[in-house]
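Taking it in order: structure first as C-alpha cells, then the write-up.
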Amino acid sequence: MAVLNVQLDNILCFNDFKADFTYPKKIVRSPLEYEYLKNYPSIRYKKVNIIIGSNATGKTSLGKALWKIFVFLRDREAKPIRDLVTDNSKDAYILLDCVYSVGLFFRFEAIIKTNGDIVVKYLPLRINKDDTYEKMVERLPKDSSFVNYVQALEKAKIGGWFFKFPTIEDGFDRISCKYDDKRKKEFVKTFDNVLKTFDPSIEKVFKSEEQEDTYIIRFYNGKTVAIKDGETISGLNYLSSGTKYALNIANVMCSIKNHDNGFYYVDEQFSYVNSDIEIACLNTMIELLGDGEQLFFTTHNPEIMTLPLPIHSFSFLKKAEYDHGYKVELINASDYEKRNNVNIKNLYDNDYFDIAPDTRKVFEIGD
0 MAVLNVQLDN ILCFNDFKAD FTYPKKIVRS PLEYEYLKNY PSIRYKKVNI IIGSNATGKT
60 SLGKALWKIF VFLRDREAKP IRDLVTDNSK DAYILLDCVY SVGLFFRFEA IIKTNGDIVV
120 KYLPLRINKD DTYEKMVERL PKDSSFVNYV QALEKAKIGG WFFKFPTIED GFDRISCKYD
180 DKRKKEFVKT FDNVLKTFDP SIEKVFKSEE QEDTYIIRFY NGKTVAIKDG ETISGLNYLS
240 SGTKYALNIA NVMCSIKNHD NGFYYVDEQF SYVNSDIEIA CLNTMIELLG DGEQLFFTTH
300 NPEIMTLPLP IHSFSFLKKA EYDHGYKVEL INASDYEKRN NVNIKNLYDN DYFDIAPDTR
360 KVFEIGD
C-alpha cells in the first residue's frame, strides 16, 4: 500500500494541510528503482519520504493522523478519528488517496461534525493500464454523497501498516518481540547485528531457553540483560538511550525485509543515535523495500540528505505565520529544485527552503 495524497483540516496541528506524495514524470537514471506501482508504470509515487523539520512542526502528528485514519478504516469505530479533531466547535475534514500493488485505488473523505457525527465517502477504483494519478481522480464519480461511515465502509479494504513512534508517546513504550519459530531466528540475527553496531561491547544476542518471547543480551564483561515482550523499553537497565531504540529499529528492519506490511512510518527513532549509524540503517531499510511499498522516515539529522536519492524524496515541515496564528506546511524539495544532481544538503545549510528555526529568543536570554 502507498499513500498518494493527504489533506487535513482541523486535525491535530493541521489546518488546510495538503501533502502530495506523487511525482509528475519518470526520472532518467533515478537512484531509486521501481518508484511506481508494479504493472502500472504511470502510477508514480514517492517510495521514500524523508521528512525533516524543527521541533513541534508536526512530524509525529502526521504519523499519528495517518495511523488513526488507517485504524478507523479497518475497525470502523469512531473514537480514533474523533480523537484527531482539534477544535470541536467546527467541522474537521480528511482526504486520503491510496493505491495497492494489486491494481486498486481508493479515495477516502471524512467530515467529523461538531456534534460528533462522522460522514464519509469511500470511492474504490480498479486501476487501468494507462492510468495516471490524475486520470484516476478524474474517473471518480462526481455525484457521490457523504453518508454514515458504518454504511460507507462496510466493504472498505485497508492494507498493512507499521508505525514506530518515540517511546515517550502513549502506547509506544512496549517491547515487541513476539514471533513464530521461523521469524525468531531472523529477528535474533537482525537484533544481534543492530545491537552490536550500536554498542560494540555486546558479545551476543540469543533467545532465552527458560522464558517465552524473551531474548538475552550478553556483554563481553559477562553482564546480561533480558528483553521480554510486553515490558517497557524505558525500563531496561544497563542500555544507553540510543541502544534501547535498537529494538524498535530491528523490528522495523525485520518487518520490511519480510514485506509484512507495505506501509512504514518510522518517527524519530534515531534521536540518540550516531549519524553514521542512522544513515546506514535508513539505507538498509530503503534497499529492503519491495514493490508497492512505501517508507516515511522523520529525522532532525541533515546528514541524511547526503543519501543518493531523488530530490523529491526530501520534504520539510514548517510552521508558518497565518491569520494571526501558525499553520503547518509541507515543503517538498522538488518544488524548489528539479535537478537531481544538486547537493540538497548545501541548499538546506544555506536555508534555501526557508525552514530554519527562529533562535533569537534563546540568544536574548544572554542579553
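First residue of the sequence shown: 0, per numbering that gives the first Met the number 0; consecutive thereafter.
For each residue, glycine too, the CB sits at the ideal point set by N, CA and C.
Small disclaimer: the values here were computed from a predicted structure and weren't measured.
For Ile167, count neighbouring C-beta atoms within 10 Å of its own C-beta (all shown protein chains included) and say buried if the count is 16 or more, exposed if not. exposed
Just to confirm the assignment, what range does the alpha helix (DSSP H) spanning Cys253 have? 245-256
Would Thr231 be called buried (16 or more neighbouring beta carbons within 10 Å of its own) or exposed? exposed
Residues near Ser240 in its chain [Cβ-Cβ closer than 6 Å; skip 5 each side]: Tyr271
I'd like to know if the segment 337-352 and the segment 60-79 are in contact, where contact means that at least 3 CB-CB pairs between them fall below 8 Å. no
May I have the straight-line CA-CA distance separating Tyr132 from Leu329, to the nearest angstrom? 20 Å
By the 10 Å Cβ neighbour count, where 16 or more other Cβ atoms means buried, how is Gln293 classified, buried or exposed? buried
Within 10 Å of its beta-carbon, does Asp82 have 16 or more other beta-carbons around it, so buried, or fewer, so exposed? exposed
Exposed or buried, what is Thr223 when buried is set at 16 or more other beta-carbons lying within 10 Å of its beta-carbon? exposed
Please return the same chain residues whose Cβ sits closer than 8 Å to the Cβ of Thr189, not counting the five positions on each side in sequence. Ala249, Met252, Cys253, Lys256
List the DSSP bridge partners of Gly324. Tyr321
What are the start and end residues of the alpha helix (DSSP H) that includes Asn345? 343-348
Identity of the residue in Val27, Tyr44, Arg28 nearest Glu34 by Cα: Tyr44
Can you tell me the Cβ-Cβ gap for Phe313 and Ile26, rounded? I've got them flagged as a contact below 8 Å. Contact flag wrong, Cβ pair sits at about 14 Å.
From the DSSP output, in three-state form, read off Ile50 for me. strand
Checking 8 Å against the spacing of the C-beta atoms, do Pro111 and Ala91 come in under that value? Sequence inspection shows Ile at residue 111; the Pro mentioned does not correspond to that position. In this structure, Ala91 lies closer than 8 Å to Ile111 by Cβ.
Nearest-angstrom Cα distance between Ile310 and Gly221? 47 Å
If you scan the segment 73-146 from start to end, which runs of the alpha helix (DSSP H) of 4 or more residues do you find wholly inside it? 78-81, 132-138
Continuous alpha helix (DSSP H) stretch holding Arg182: start and end: 180-197
So, is Gln88 buried or exposed, given that buried needs 16 or more other C-beta atoms within 10 angstroms? Sequence inspection shows Ser at residue 88; the Gln mentioned does not correspond to that position. It counts as exposed.
Those residues which DSSP pairs with Ile10 across a bridge: Phe13, Val84
Boundaries (first-last residue) of the alpha helix (DSSP H) holding Tyr263: Counting along the chain, Tyr263 falls outside any alpha helix (DSSP H), though it belongs to the beta strand (DSSP E) covering 261-266.
Residue interval of the beta strand (DSSP E) (run including Lys206): 201-206
Going along the chain, which residues of its own chain have a beta-carbon closer than 6 Å to the beta-carbon of Tyr264, five neighbours each way excluded? Gly62, Phe162, Phe295
Run the CB neighbour count on Tyr237, radius 10 Å, all protein chains shown included, and call it buried at 16 or more, exposed below. exposed
Give me, in chain order, the residues of the same chain whose beta-carbon lies closer than 8 Å to that of Val84; leave out the 5 immediate sequence neighbours on both sides. Asn9, Ile10, Ala91, Ile111
Check whether the Cβ atoms of Phe145 and Tyr121 lie closer than 8 Å to each other. no
Using a Cβ-Cβ cutoff of less than 7 Å, which residues in the same chain neighbour Ile276 once the five nearest sequence positions on both sides are dropped? Thr196, Phe197
Rounded C-alpha distance that separates Asn340 from Gly261: 29 Å
On the DSSP bridge list, what partners appear for Thr297? Ile50, Asp266
Does the Cβ of Glu211 have 16 or more other Cβ atoms within 10 Å, making it buried, or fewer, making it exposed? exposed
In angstroms with no decimal places, state the Cα-to-Cα distance between Glu286 and Pro140. 38 Å
Below 8 Å on the Cβ atoms is my guess for Gln6 versus Phe20; work out the distance and round it to an integer in Å. Not confirmed; about 12 Å, so no contact.
Quick check: the Cα distance between Tyr178 and Gly324, rounded to an integer number of angstroms? 47 Å
According to DSSP, what are the bridge partners of Thr358? According to DSSP, Thr358 bridges with nothing at all.
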